[in-house]
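Let me begin by presenting the structure, written as structure tokens, before commenting on it.
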Amino acid sequence: MTAILGLNAFHADSAACLVIDGKLVGAVAEERLGNRLKHTSEFPANAVRWLLADNGLKLSDIDYVALPRDTRANRAAKAAYIAGNPVRGMRAAMEHLRRSSTTQSMIEKLAEICGEDPATVTFETVPVEHHLAHVASSYYCSPFDGLTAGFSYDASGDFASAMAVRCEGARVDVLDRVTLPHSLGFFYTALCQYIGFDSFGEEYKVMGLAPYGEDKYADVMQKLVVLPDDGFFRLGKGYFGMHEGGQSGEMTDDGHLVMGRLFTEKLVAELGPKTERGAVTQREMDIAKSVQVRFEQAAIHSLNRMHRLVPSEQLVMAGGCALNGVANARILRDTPFTTPYLQAAASDDGTCLGAAMWTWHNVVGSTERFHMKHGFWGPEYSDEDMRRTAQSAGLHVIECADEDEVVERVAKLIADGVVLGWYQGRSEWGPRALGNRSILANPAIRTMKETINAKIKRRESFRPFAPSVLQEDVGVYFEQDIYSPFMMHVTKLKPEYRDALPAITHVDGTGRLQSVDPDSNALYYKLISKVKQHTGFGVVLNTSFNENEPVVDTPQQALDCFLRTDMDALCLGRFIVEKSGVN
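Structural data, given as structure tokens:
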């Protein structure tokens with residue numbers, strides 16, 4: 298047996314995974330198990346302990362610890378940046394050294410964390426460059442074996458913001474990189490900050506806001522992001538002030554990640570005063586639209602260049618920018634790539650998986666591949682745990698005899714307009730609720746979007762909800778027939794279904810698609826099929842089971858969220874808890 302523990306530590310979206318003989322057996326973000334703070338950068342101690350216990354292993358059984366960080370990467374680019382920016386560059390270098398030292402110290406303390414004798418621990422530590430880990434996380438989990446293009450892009454990692462890779466067989470060969478200060482991720486985040494979305498990880502809100510605006514700032518955006526004929530992208534000089542150290546991974550006393558201001562007064566001179574948080578007007582909507590349009594143009598430019606480097610129809614992507622589902626769908630329309638794959642955790646939590654898989658193929662030297670068909674790699678709890686939790690609520694509880702009864706009862710509730718918490722099996726890996734830790738509703742009810750945003754999620758009214766769709770029906774409802782089991786594409790509904798399914802149709806006629814098939818989630822597929830019998834639509838509204846917190850992990854967290862919000866019913870395994878008036 299070869300056991301590889303992958304860690305993303307002291308970086309936003311701290312996480313861990315376990316790969317045994319080349320197969321993923323578990324993966325979880327620390328935010329789900331530890332301090333319950335979104336995007337936490339704390340060392341994934343709870344995740345490590347759960348992975349080992351769940352698989353009956355000790356740390357002494359681990360052969361390799363894989364880390365998605367390599368201090369040796371991109372040294373020439375780092376030196377050039379420090380030479381040109383001595384003050385900012387030295388701050389960044391000191392911060393980088395501090396974080397690397399802290400990570401190494403914790404690796405040395407893993408035995409203590411796991412309650413084991415350090416003398417019995419003999420694992421080898423394997424550093425993997427950040428973006429190489431990103432690409433590896435998707436390619437080595439994809440069904441592809443022949444020539445495949447790999448592209449990763451985000452804010453930064455190991456002083457790079459993008460990487461182009463040629464993948465074939467077990468080989469991944471780096472063809473090109475974009476190094477700092479040029480970064481599409483920093484561009485998008487800086488403009489999010491500028492229009493008042495200044496907390497870590499709010500880019501998805503701006504993507505949701507963009508359809509309410511018009512592209513009135515195209516001229517400015519062309520100054521901010523330059524698309525050269527001989528490269529991927531560059532940032533306009535003087536508009537951005539990133540990479541000064543202490544801007545990612547530091548946490549405040551109340552558990553929020555620290556971000557320095559990523560834009561300069563030169564940008565303010567172009568666009569006017571910065572927006573205060575929460576003050577969204579048509580101006581902010583228009584800026585959001587222009588930001589999204591320019592991002593998409595840069596993505597299309599980069600992926601067309603990627604295809605010239607690797608002329609294949611197959612594409613794997615990862616990195617935080619690869620979570621931009623609008624751009625992902627457009628890539629399939631406007632580039633030669635037709636067959637994509639993105640694994641469930643495409644952002645930095647997924648780098649631990651990429652580092653582990655890279656180690657399996659390039660250190661262990663195996664050619665045996667693993668295909669991630671579903672996203673359910675986190676904890677699950679027993680039938681007895683769910684029974685006990687359901688009964689503790691002091692509400693009406695229905696105990697179903699089997700899976701078929703669960704599906705029949707829940708489908709009827711959804712069809713009748715009930716908003717239901719759906720808690721089943723193992724939790725999702727990555728940021729999306731994929732049908733095991735979800736809040737579900739009938740998308741044909743016109744008021745449902747407003748109800749859930751206001752009374753359950755308690756979030757901005759412009760935020761859309763995702764449709765989970767039977768895979769065979771995607772082409773019925775959507776203009777692009779995409780296989781997207783991990784909810785990575787935003788595409789237009791056909792005009793005739795936009796009014797019929799108002800709760801999952803965004804203002805621009807789009808929906809963030811999750812295609813559901815028996816291989817990706819058999820029980821969820823059965824549920825949506827039964828909903829279709831009641832409503833005529835093979836679609837449910839799906840949003841993550843949480844309320845301004847990480848997605849729920851335990852049955853008790855699910856019950857607590859249910860009780861403090863206006864959800865009508867909760868299905869914990871085969872136990873349905875109902876508030877008064879549901880029937």
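Residue numbers for the sequence shown follow my numbering, so the first one is 298 and each next one is one higher. The beta-carbon is built from N, C-alpha and C at its ideal position, and this holds for glycine as well.
Cβ distance (whole Å) where residue i is taken to contact residue j below 8 angstroms
i      : j      : result
Met582 : Gly510 : 3 angstroms
Phe537 : Leu559 : 6 angstroms
Phe456 : Val362 : Contact doesn't hold; Cβ gap of about 23 angstroms is too wide.
Leu731 : Leu717 : Leu731 to Leu717, Cβ: 16 angstroms. No contact.
Glu757 : Lys586 : Glu757 to Lys586, Cβ: 16 angstroms. No contact.
Leu623 : Met504 : Looking at the sequence shown, residue 623 is not Leu but Val. Confirmed, Cβ separation roughly 6 angstroms.
Leu429 : Val475 : About 14 angstroms separates the two Cβ atoms, so there is no contact after all.
Gly291 : Thr664 : Here the chain comprises residues numbered 298 to 880, so residue 291 is not present and cannot be evaluated.
Glu846 : Lys335 : 7 angstroms
Ile779 : Val771 : 7 angstroms
Arg734 : Asn750 : With 8 angstroms as the limit, Arg734 and Asn750 do not qualify as a contact, their Cβ atoms being about 19 angstroms apart.
Thr788 : Arg795 : Contact doesn't hold; Cβ gap of about 12 angstroms is too wide.
Phe667 : Lys355 : Not confirmed; about 23 angstroms, so no contact.
Asp701 : Gln768 : Asp701 to Gln768, Cβ: 21 angstroms. No contact.
Exposed unless 16 or more other CB atoms sit within 10 angstroms - verdict on residue i
i      : result
Ser449 : buried
Glu875 : buried
Val804 : exposed
Arg743 : exposed
Gly833 : exposed
Val565 : exposed
Ser724 : buried
Pro341 : buried
Leu304 : buried
Thr417 : exposed
Pro478 : buried
His431 : buried
Phe842 : buried
Asp877 : Contrary to the premise, residue 877 reads as Ser rather than Asp in this sequence. Classification for Ser877: exposed.
Neighbourhood of residue i by C-beta distance below 7 angstroms, restricted to the same chain and skipping five residues each side
i      : result
Met298 : Ile317 and Asp318
Leu869 : Met683, Thr686, Ala687, Tyr720, Pro852 and Ala855
Ile301 : Val316, Asp360, Tyr361, Ala363, Ala653, Thr656 and Trp657
Leu330 : Asn343, Ala344, Trp347 and Asp850
Ile711 : Leu717, Leu737, Ala738, Asn739, Val828 and Val837
Val660 : Tyr361 and Val423
Asp451 : Ser458, Gly482, Gly616, Gly617 and Cys618
Asp367 : Pro424, Val425, Glu426 and Asp455
Beta-bridge partners of residue i, as assigned by DSSP
i      : result
Val837 : Ser765
Asp770 : DSSP, once it has assigned bridges, lists no residue as partnering Asp770.
Phe537 : Phe560
Gln490 : According to DSSP, which records beta bridges pairwise, Gln490 is partnered with nothing at all.
Glu696 : Phe872
Met614 : Phe448
Ile301 : Val316 and Tyr361
Pro424 : Leu364
Trp719 : Ser735 and Cys868
Cys464 : Thr445 and Val469
6 angstroms CB neighbourhood of residue i in its chain, flanking five on each side removed
i      : result
Leu629 : none
His693 : Glu875
Pro799 : Arg743
Leu867 : Gly718, Phe859 and Val874
Arg871 : Cys697 and Val703
Met403 : Phe340
Phe441 : Gln611
Asn601 : Thr632
Short CB-CB distance (under 8 angstroms) between residue i and chain D
i      : result
Pro525 : You won't find chain D in this structure, because it holds only one protein chain.
Contact test: residue i Cβ vs the ligand ATP heavy atom, cutoff 7 angstroms
i      : result
Gly323 : Because no ligand of any kind appears in the structure shown, any question about the ligand ATP cannot be addressed here.
8 angstroms Cβ shell around residue i - same chain, five flanking residues per side excluded
i      : result
Phe673 : Gly722, Arg723, Ser724, Glu725, Trp726, Leu731, Asn733 and Asn818
Asn352 : Leu315, Ile317, Val322 and Gly323
Leu575 : Sequence check: residue 575 is Gly here, not Leu. Once the five neighbours on either side are set aside, the close Cβ partners of Gly575 are Gly493.
Met518 : Ser587, Val588, Val590 and Arg591
Glu902 : Outside the displayed span of the chain (298 to 880) sits residue 902, for which this structure offers no information.
Asp680 : Gly870 and Arg871
* Touching or not, the region 512-526 and the region 581-597, by the rule of three or more beta carbon pairs under 8 angstroms? -> yes
* **Segment contact flag, the region 608-617 with the region 630-638, C-beta cutoff 8 angstroms, min 3 pairs** => yes
* **Stretch pair the region 478-492 + the region 614-627: three plus CB contacts closer than 8 angstroms** => yes
* To do: Could you say if the region 802-816 and the region 766-783 meet the contact criterion of at least three C-beta pairs nearer than 8 angstroms?
  => yes
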